[in-house]
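*Asks:*
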Amino acid sequence: MATEGRMPPLTEVCWPVFEFVTNFARQVKYGMVPAPEQVRYDGLSALRDADELAREDPVTERLWHDWVKAMMVYLVDYKMLNTEWDGRDYWFDNRFETDRTVLDHVEALGGEKFFDDCDKVQQEYELAERRDRRDKEELAALLNCYFICLRLGFRGRFHEYPQELADYTRRLFTRLPAYSKTRGKEMFPDAYQHNQELKVDYKLGLSLSIVLTIFVVILVASAFAFRQAWSNAVGEIRRQAERWGQVTAVAPPAPADQNAAKDAATR
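In terms of the working numbering, the sequence shown is residues 26 to 292.
1. Taking the alpha-carbon of VAL101 as reference, which of ILE243, ASN48 and ASP144 has the nearest alpha-carbon?
2. Between the beta-carbon of GLY135 and the beta-carbon of TYR99, is there less than 8 Å?
3. Could you tell me the distance, in whole angstroms, from the CA atom of TYR115 to the CA atom of THR126?
4. Check the C-beta distance from VAL2 over to LEU177 and give it rounded, since I have them as a contact under 8 Å.
5. Find out if the Cβ-Cβ distance for the pair MET96, PHE139 is shorter than 8 Å.
6. Assuming PRO34 and THR85 are in contact, meaning their beta carbons sit under 8 Å apart, how far apart are those beta carbons, in whole angstroms?
7. Could you check if GLU81 is buried or exposed, using at least 16 other CB atoms within 10 Å of its CB as the buried criterion?
8. Touching or not, the stretch 104-115 and the stretch 147-155, by the rule of three or more beta carbon pairs under 8 Å?
9. In angstroms, rounded to a whole number, what distance separates the CA positions of VAL46 and CYS170?
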């Protein structure tokens with residue numbers, strides 16, 4: 026069992042190869058790729074480091090030789106042959122999967138074999154989980170490695186079928202024990218970041234600056250209209266008050282006052 030806070034042992038074993046692939050992607054991005062011979066040497070070194078790590082645990086070593094080493098070879102060959110760089114032709118003539126010193130068997134069917142092996146492991150894992158077998162955690166760790174390879178850009182037989190690849194990857198992820206815990210999260214964000222080939226544009230109909238400008242114009246217009254309406258209302262009240270004052274000043278005296286005036290005149 027892996028200790029808390031550490032990668033599962035099998036993922037830790039694969040890490041030198043995963044790191045080699047991600048570093049290669051960065052080198053291509055920034056135009057700093059070494060000579061093809063050096064890249065191949067670095068790839069072999071990563072495989073040797075992974076092999077040495079696998080020897081530390083008997084179960085992990087068995088999984089490495091039975092499944093994982095071939096998986097790593099398929100990943101490296103695919104990335105080298107499907108990336109635009111000066112060493113593609115060199116790598117085609119010096120592929121890992123056709124080198125008997127790298128794999129104990131020579132083949133050039135990694136694009137198909139990868140998914141065939143992954144399907145077999147998925148079937149075994151479902152059976153192991155249903156029967157609560159002791160090897161279900163080992164198989165889950167294997168599936169996790171296949172998933173990481175897909176996230177690092179392996180396509181194989183689905184090279185020209187992105188939707189089918191996305192469906193396959195989604196189904197594989199739902200079979201992982203971590204699915205319930207990482208449903209709303211990304212696993213290995215670095216792997217996701219370098220593998221983005223399509224930039225999704227989420228622009229709205231108007232830019233933020235235009236929206237703010239319109240808002241300010243509306244706000245100013247509303248303030249001006251309110252001020253104008255208030256000024257008109259106050260002016261109307263003032264005019265009415267002045268008119269009422271004038272009417273009061275010229276109004277005739279009351280009847281009682283008229284009688285008093287007459288009495289005073291007769292005297």
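For glycine and all other residues, C-beta sits at the position ideal for the given N, C-alpha and C.
*Replies:* Checking against the coordinates, here is how it stands:
1. ASN48
2. yes
3. 17 Å
4. Nothing about residue 2 can be reported from this structure: the residues present for the chain run from 26 to 292 only.
5. yes
6. Contact between PRO34 and THR85 holds, since their C-beta atoms are separated by about 5 Å, short of 8 Å.
7. exposed
8. no
9. 14 Å
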